[in-house]
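Chemist:
Number of protein chains: 2
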Amino acid sequence: MASTASPMASQLRSSFASSSTKRLAVPKHINIGAPFRISPAKRSFIIKAVQIPREMEAIEEYPMNGGHGIYSYAKNSYRQGQAINAVKELIKEEITEKLDISKFPSSDTFRIVDMGCSAGPNTFFAVQNVLEAVEKKYQCEGRDHCRLPEFQVFFNDHSSNDFNTLFTSLPPNKNYYVAGVPGSFHVRLFPEASLHIVISSYAIQWISRIPKELVDKSSPAWNKGRTYYAHAGAETIKAYADQFAKDMDSFFHFRAQEVVPGGMVLLTIPGGRWDGSSDYQILSNTLYDLLESTIVDLAKKGIISEEKLDSFNVPQYFPSPQEMEAAVKRNGCFSIERIECLHDEKKQANPKEARVFSSHMRAGLEFLLSEHFGHEIMDELFDLFTKKIEECEVFDMGVAFKLLVVLKRK
Amino acid sequence: MASTASPMASQLRSSFASSSTKRLAVPKHINIGAPFRISPAKRSFIIKAVQIPREMEAIEEYPMNGGHGIYSYAKNSYRQGQAINAVKELIKEEITEKLDISKFPSSDTFRIVDMGCSAGPNTFFAVQNVLEAVEKKYQCEGRDHCRLPEFQVFFNDHSSNDFNTLFTSLPPNKNYYVAGVPGSFHVRLFPEASLHIVISSYAIQWISRIPKELVDKSSPAWNKGRTYYAHAGAETIKAYADQFAKDMDSFFHFRAQEVVPGGMVLLTIPGGRWDGSSDYQILSNTLYDLLESTIVDLAKKGIISEEKLDSFNVPQYFPSPQEMEAAVKRNGCFSIERIECLHDEKKQANPKEARVFSSHMRAGLEFLLSEHFGHEIMDELFDLFTKKIEECEVFDMGVAFKLLVVLKRK
Numbered sequence: 024m025a026s027t028a029s030p031m032a033s034q035l036r037s038s039f040a041s042s043s044t045k046r047l048a049v050p051k052h053i054n055i056g057a058p059f060r061i062s063p064a065k066r067s068f069i070i071k072a073v074q075i076p077r078e079m080e081a082i083e084e085y086p087m088n089g090g091h092g093i094y095s096y097a098k099n100s101y102r103q104g105q106a107i108n109a110v111k112e113l114i115k116e117e118i119t120e121k122l123d124i125s126k127f128p129s130s131d132t133f134r135i136v137d138m139g140c141s142a143g144p145n146t147f148f149a150v151q152n153v154l155e156a157v158e159k160k161y162q163c164e165g166r167d168h169c170r171l172p173e174f175q176v177f178f179n180d181h182s183s184n185d186f187n188t189l190f191t192s193l194p195p196n197k198n199y200y201v202a203g204v205p206g207s208f209h210v211r212l213f214p215e216a217s218l219h220i221v222i223s224s225y226a227i228q229w230i231s232r233i234p235k236e237l238v239d240k241s242s243p244a245w246n247k248g249r250t251y252y253a254h255a256g257a258e259t260i261k262a263y264a265d266q267f268a269k270d271m272d273s274f275f276h277f278r279a280q281e282v283v284p285g286g287m288v289l290l291t292i293p294g295g296r297w298d299g300s301s302d303y304q305i306l307s308n309t310l311y312d313l314l315e316s317t318i319v320d321l322a323k324k325g326i327i328s329e330e331k332l333d334s335f336n337v338p339q340y341f342p343s344p345q346e347m348e349a350a351v352k353r354n355g356c357f358s359i360e361r362i363e364c365l366h367d368e369k370k371q372a373n374p375k376e377a378r379v380f381s382s383h384m385r386a387g388l389e390f391l392l393s394e395h396f397g398h399e400i401m402d403e404l405f406d407l408f409t410k411k412i413e414e415c416e417v418f419d420m421g422v423a424f425k426l427l428v429v430l431k432r433k
Numbered sequence: 024m025a026s027t028a029s030p031m032a033s034q035l036r037s038s039f040a041s042s043s044t045k046r047l048a049v050p051k052h053i054n055i056g057a058p059f060r061i062s063p064a065k066r067s068f069i070i071k072a073v074q075i076p077r078e079m080e081a082i083e084e085y086p087m088n089g090g091h092g093i094y095s096y097a098k099n100s101y102r103q104g105q106a107i108n109a110v111k112e113l114i115k116e117e118i119t120e121k122l123d124i125s126k127f128p129s130s131d132t133f134r135i136v137d138m139g140c141s142a143g144p145n146t147f148f149a150v151q152n153v154l155e156a157v158e159k160k161y162q163c164e165g166r167d168h169c170r171l172p173e174f175q176v177f178f179n180d181h182s183s184n185d186f187n188t189l190f191t192s193l194p195p196n197k198n199y200y201v202a203g204v205p206g207s208f209h210v211r212l213f214p215e216a217s218l219h220i221v222i223s224s225y226a227i228q229w230i231s232r233i234p235k236e237l238v239d240k241s242s243p244a245w246n247k248g249r250t251y252y253a254h255a256g257a258e259t260i261k262a263y264a265d266q267f268a269k270d271m272d273s274f275f276h277f278r279a280q281e282v283v284p285g286g287m288v289l290l291t292i293p294g295g296r297w298d299g300s301s302d303y304q305i306l307s308n309t310l311y312d313l314l315e316s317t318i319v320d321l322a323k324k325g326i327i328s329e330e331k332l333d334s335f336n337v338p339q340y341f342p343s344p345q346e347m348e349a350a351v352k353r354n355g356c357f358s359i360e361r362i363e364c365l366h367d368e369k370k371q372a373n374p375k376e377a378r379v380f381s382s383h384m385r386a387g388l389e390f391l392l393s394e395h396f397g398h399e400i401m402d403e404l405f406d407l408f409t410k411k412i413e414e415c416e417v418f419d420m421g422v423a424f425k426l427l428v429v430l431k432r433k
């Protein structure tokens, strides 16, 4: 009988260099993509531990509000929908121009994934947009008598995402096969070279965990009295930026394994630290500043404790185009087709918009906030937050940036 | 620009013969697998309607109880688990002996699906069993220096299945990539030739819809005063059997498209109309007889109306080995490797088992029953049902049959 290595092991062998050898039991919680090296051995494994496996550190889950309720993400994500719509034509153009279908065997199913899809209509719009571009590409350069490939679309988000709502709201006239993939996009999720297009809209700004130093009293990065980085000290900003950089390293590392040569990765991210300056007045940062100010007010009133304030940090980071470019280059497996920071025109303030912004933030953050501060203060917190947005004259407080990243697998 | 046919259309073109031509708008509710024929035409489609599309008839959904509550399927499916365990070695043996891995390109991801997986541990046991057999097969006949393929496992059930519970209870040490596929197995669910093994345990006995004649007062198959077929008239039994036969035709039709040559389909079904006789004393039928008797008693008491009784029918059918064999042969795409009816040894009655049987039936049928009769009578209904099982001396009322069907794609 021949000895074997598991797929988990074989994929890892190619991904990580060995440094030391130790006979270990396979840990029960080992997961796909864990950076162990397993050498073939009859009825036993020799496992070479090479580094602290990134994906064995706890990856935090921040599910959007599920269902169809008043504060559900499905009902409070039209701003993200607007952002997807705003880059729609650009994404179509990039796919039509740059997707390298000549590299894909004609018999292949064409596989698309939306990473961090949540539940709601946006993911279906985004996927439909990609499908239309790919269909156009095949129409223009089709082979085999112009037969379109079959499409399989994977909807990915954390296991705690509301897949039930997602699956019961699938478009009835879709012309693709559907699958939901539970799990963090900071680990391997798909077989080798099995994806043709990866999209992710307003998801990768969520960092995989809050850096320990942010809640470490002895660290210069301790984020005391704050819940965010925009107006925090340099060490705090660095801790956020470093975590985002690590997350992008794992994101691109695993996507490089999953995406076929010639395939594409298209990312849309809110905000963006323009020119690397932390205090540039951008909408996303300002909203988190206002949320911070709301939480600080509740702490001052004694509704939440100082300790609870100090130990809460919003797990999002809005990178600059330069940071994204650096992450792609560190990885080395993708060519940069486009990295662009788009921004909206300034509009007149509309008082109704304050409640919309507030509900959108609630749909995305309520799980986190109520886990930390307790469900019972959510109404008070978001009422106060809405008032703060109203007082700020919402559209004068910053410009909404969208960072578009278009990559091709070499 | 070249003209194109959608994947939906191209798959259909190969599946159905054309009979008449009519220019139609594409219906909005058209779904993958709908039997239209689309001819290439510039900027428009000519659609040839060929027959009433089977999958555009309503397919009914009967979700098991979700979550982890007292009557959840996850907590009330150990009998199905025992059945899976009972055929475990047989299934391993069949895969090890008959799976034709020489036909699969060595670079392929090995794809397995559990159809009708529900939520709970059984699906993971069943999948693990298959994986172990496939790994053994590759160990014995491996190529490419015995490298195992990567495994991707699809968990399929209706959209209304509790995928959230399924995804949050995935085994932590799995060595496969996971995806959930929502949708009825009576339609196309996967791209062409993309699956290597299809398993289904205790699922395909659910018929896709209640035949209309069962609730049609003018039909000889009208199932008045009854909710099941075991002791009903010949026309009623025929209506059930015909629906099951139609369902198997669509099941095998679509699986034939999805499974690669050399791939396998392994089905386990409870009960079984042994020798085609409807009144053979088998456990599954007897349980449904007792449930029927419970519902009839509630109607006699005036708790439910006569109309409600007459319009309810349990959507399950337990086929004989001969019926399964006939369905496979009608399809023609699979070779029959094994069709076998296994039965348990008779055991001593155990009063505790009555409540177990009752809870298992509740986990599987509560959705249906409460939709039809109202949630408020469920406790009373199942209390009465439990008493009826106790009075019957449960293990004397019939033998639990398991029908095992093992097929290989030609």
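Residue numbers (this note's numbering), protein chains in the order written: chain X, 24 to 433; chain G, 24 to 433.
Here a beta-carbon is modelled for each residue, glycine too, at the ideal position from N, C-alpha and C.
According to the Cβ coordinates, are V238(G) and V136(G) closer than 8 Å?
Modeler: Within the second sequence, numbered from 1, the residue matching residue 238(G) stands at position 215. Within the second sequence, numbered from 1, the residue matching residue 136(G) stands at position 113. For V238(G) and V136(G), no; Cβs fall outside 8 Å.
Chemist: Taking just the CA atoms, how far does F274(X) sit from E258(X)?
Modeler: For the purposes of this step, residue 258(X) is identified with residue 235 of the first sequence, where counting begins at 1. For the purposes of this step, residue 274(X) is identified with residue 251 of the first sequence, where counting begins at 1. Distance between the alpha carbons of E258(X) and F274(X) is about 24 Å.
Chemist: The beta strand (DSSP E) that contains Y200(X), what's its start and end?
Modeler: On the first sequence, position 177 is the one that residue 200(X) refers to. Taken as a continuous stretch (DSSP letters only), the beta strand (DSSP E) holding Y200(X) covers Y200 to P205.
Chemist: Around the C-beta of K425(G), are 16 or more other C-beta atoms found within 10 angstroms, so that it is buried, or is it exposed?
Modeler: Locating residue 425(G) in the second sequence gives position 402, where the first residue counts as 1. Buried.
Chemist: State buried or exposed for I227(X), treating a residue as buried only when at least 16 other CB atoms are found within 10 Å of its CB.
Modeler: Taking the first residue of the first sequence as position 1, residue 227(X) is located at position 204. When all chains shown are included, I227(X) counts as buried.
Chemist: For the beta strand (DSSP E) that L290(X) lies in, which residues bound it at each end?
Modeler: Translated into positions along the first sequence, residue 290(X) becomes position 267. V282 to P293 is the extent of the beta strand (DSSP E) around L290(X).
Chemist: Assuming D402(G) is part of the alpha helix (DSSP H), what are its boundary residues?
Modeler: Residue mapping note: residue 402(G) aligns to position 379 of the second sequence, counting from 1. It spans M401 to C415 - the alpha helix (DSSP H) in which D402(G) sits, taken as one unbroken run.
Chemist: Under 8 Å, Cβ to Cβ, is there at least one residue of chain X near V204(G)?
Modeler: Residue mapping note: residue 204(G) aligns to position 181 of the second sequence, counting from 1. V204(G) counts as touching chain X.
Chemist: Report the neighbours of V201(G) on chain X: residues whose CB is nearer than 8 Å to its CB, in chain order.
Modeler: If you number the second sequence from 1, residue 201(G) lands on position 178. Those are V204, P205 and G206, listed as they occur along chain X.
Chemist: Chain X beta carbons: is any one of them nearer than 8 Å to that of Q228(G)?
Modeler: Locating residue 228(G) in the second sequence gives position 205, where the first residue counts as 1. Taking Cβ atoms only, chain X never reaches closer than 8 Å to Q228(G), which makes this a no.
Chemist: Compare the C-alpha of F267(G) against each of E413(G), S316(G) and I230(G) and name the closest.
Modeler: Counting from one through the second sequence, the residue named residue 267(G) turns up at place 244. Comparing Cα positions, the closest option is I230(G).
Chemist: Between F341(G) and R170(X), what straight-line distance do the alpha-carbon atoms span, to the nearest angstrom?
Modeler: Here residue 341(G) refers to the residue found at position 318 of the second sequence. Here residue 170(X) refers to the residue found at position 147 of the first sequence. If I take the Cα positions, the gap works out to 42 Å.
Chemist: Does D137(G) get closer than 8 Å to chain X when you measure Cβ to Cβ?
Modeler: Here residue 137(G) refers to the residue found at position 114 of the second sequence. It does not: the Cβ of D137(G) has no partner Cβ on chain X nearer than 8 Å.
Chemist: Which chain G residues sit within Cβ distance under 7 Å of F190(X)?
Modeler: Along the first sequence, read from residue 1 onward, the residue named residue 190(X) stands at position 167. In chain order: S182, F186 and P205.
Chemist: Please determine, among A322(X), K240(X), A255(X) and Q339(X), the residue with the shortest C-alpha to C-alpha distance to D270(X).
Modeler: Taking the first sequence and counting its residues from 1, one reaches residue 270(X) at position 247. Out of A322(X), K240(X), A255(X) and Q339(X), Q339(X) has the C-alpha closest to the C-alpha of D270(X).
Chemist: Considering only their Cβ atoms, is the gap separating L313(X) from I412(X) smaller than 8 Å?
Modeler: Here residue 412(X) refers to the residue found at position 389 of the first sequence. Here residue 313(X) refers to the residue found at position 290 of the first sequence. It is a contact, given that the beta carbons lie within the stated cut-off.
Chemist: What does the Cβ neighbour count give for A97(G), buried or exposed, with the cut at 16 atoms within 10 Å?
Modeler: Sequence index remark: in the second sequence, residue 97(G) carries index 74 (1-based). So A97(G) counts as buried.
Chemist: Tell me the start and end of each unbroken alpha helix (DSSP H) in the segment 322–353 of chain X that is at least 4 residues and wholly inside, in chain order.
Modeler: Complete alpha helix (DSSP H) runs here, min 4: 329–333.
Chemist: Listed from N- to C-terminal order along the chain, which residues in the segment 205–225 of chain X have their beta-carbon within a distance smaller than 8 Å of any beta-carbon of chain G?
Modeler: For the segment 205–225 of chain X, which is checked against every Cβ of chain G, the residues closer than 8 Å are P205, G206, R211, L212, F213, P214, E215 and S217.
Chemist: Could you say if the segment 98–113 of chain G and the segment 382–389 of chain G meet the contact criterion of at least three C-beta pairs nearer than 8 Å?
Modeler: The answer is yes - the segment 382–389 of chain G touches the segment 98–113 of chain G, with three or more Cβ pairs under 8 Å.
Chemist: Out of curiosity, what's the CA-to-CA distance linking E403(X) and C415(X)?
Modeler: The residue given as residue 403(X) occupies position 380 in the first sequence. The residue given as residue 415(X) occupies position 392 in the first sequence. Each residue's Cα considered, the two are about 19 Å apart.
Chemist: Where does H181(X) land, buried or exposed, given buried means 16+ other C-beta within 10 angstroms?
Modeler: Here residue 181(X) corresponds to residue number 158 of the first sequence, with the count starting at 1. That one is buried.
Chemist: In chain order, what residues of the same chain lie with their CB nearer than 6 Å to the CB of Q162(G), ignoring the 5 residues before and after it?
Modeler: Your numbering for residue 162(G) matches position 139 in the second sequence. Hits under 6 Å: none found.
Chemist: In chain order, what residues of the same chain have a beta carbon less than 6 Å from the beta carbon of T409(X), not counting five sequence neighbours either side?
Modeler: Start at 1 with the first residue of the first sequence, and residue 409(X) comes out as number 386. Taken in chain order, the residues that qualify are A377, R378 and S381.
Chemist: Between I114(X) and V153(X), which are expected to be in contact by the criterion C-beta below 8 Å, what is the C-beta distance as a whole number of angstroms?
Modeler: Stepping through the first sequence from its first residue, residue 114(X) is reached at position 91. Stepping through the first sequence from its first residue, residue 153(X) is reached at position 130. Their Cβ separation, rounded to whole angstroms, is 7 Å, which keeps I114(X) and V153(X) in contact under 8 Å.
Chemist: Which first and last residues belong to the beta strand (DSSP E) in which R134(X) is found?
Modeler: Here residue 134(X) refers to the residue found at position 111 of the first sequence. That run of the beta strand (DSSP E) goes F133 to M138.
Chemist: Which residues in chain X sit within 9 Å of L193(G), going by Cβ to Cβ distance?
Modeler: Locating residue 193(G) in the second sequence gives position 170, counting from the first residue. By Cβ distance, chain X contributes S182, P205 and G206.
Chemist: In chain X, what lies closer than 8 Å to T132(G) by C-beta?
Modeler: For the purposes of this step, residue 132(G) is identified with residue 109 of the second sequence, where counting begins at 1. Ordered by position in chain X, the residues that pass the 8 Å Cβ test against T132(G) are P214, E215 and S217.
Chemist: Could you tell me whether the Cβ atoms of K431(X) and E360(X) are closer together than 8 Å?
Modeler: In the first sequence, counting from the first residue as 1, residue 431(X) sits at position 408. In the first sequence, counting from the first residue as 1, residue 360(X) sits at position 337. Yes, the Cβ-Cβ distance between K431(X) and E360(X) is below 8 Å.
Chemist: So, for T132(G): in the same chain, excluding its five sequence neighbours on each side, which residues have a beta-carbon less than 6 Å away from its beta-carbon?
Modeler: Taking the second sequence and counting its residues from 1, the one referred to as residue 132(G) is at position 109. Here the set comprises E173 and Q175.
Chemist: Are L290(G) and S223(G) close, meaning C-beta to C-beta below 8 Å?
Modeler: Here residue 290(G) is taken as the residue at index 267 of the second sequence, counted from 1. Here residue 223(G) is taken as the residue at index 200 of the second sequence, counted from 1. Yes, the pair counts as a contact, with Cβ atoms nearer than the cut-off.
Chemist: CB-CB under 6 Å to N336(X), same chain, minus the five flanking residues each way: which ones, in chain order?
Modeler: Here residue 336(X) is taken as the residue at index 313 of the first sequence, counted from 1. Once the five neighbours on either side are set aside, the close Cβ partners of N336(X) are I233, L237, N246 and T250.
Chemist: For I260(X) and F213(G), I'd like the C-alpha separation in whole angstroms.
Modeler: Along the first sequence, read from residue 1 onward, the residue named residue 260(X) stands at position 237. Along the second sequence, read from residue 1 onward, the residue named residue 213(G) stands at position 190. Cα to Cα, I260(X) sits roughly 46 Å from F213(G).
Chemist: Does any residue of chain G have a CB that is nearer than 8 Å to the CB of Q103(X)?
Modeler: The residue given as residue 103(X) occupies position 80 in the first sequence. No, because no Cβ of chain G sits closer than 8 Å to the Cβ of Q103(X).
Chemist: Rounded to the nearest angstrom, what separates V428(G) and P344(G) at their Cα positions?
Modeler: The residue given as residue 428(G) occupies position 405 in the second sequence. The residue given as residue 344(G) occupies position 321 in the second sequence. Rounded to whole angstroms, V428(G) to P344(G) spans 8 Å at the Cα level.
Chemist: Which residues in the same chain as Y252(X) place their Cβ atom closer than 6 Å to its Cβ, once the five residues preceding and following it in sequence are excluded?
Modeler: In the first sequence, residue 252(X) corresponds to position 229, counting from 1. Same-chain partners within the cutoff: T259, I260 and Y263.
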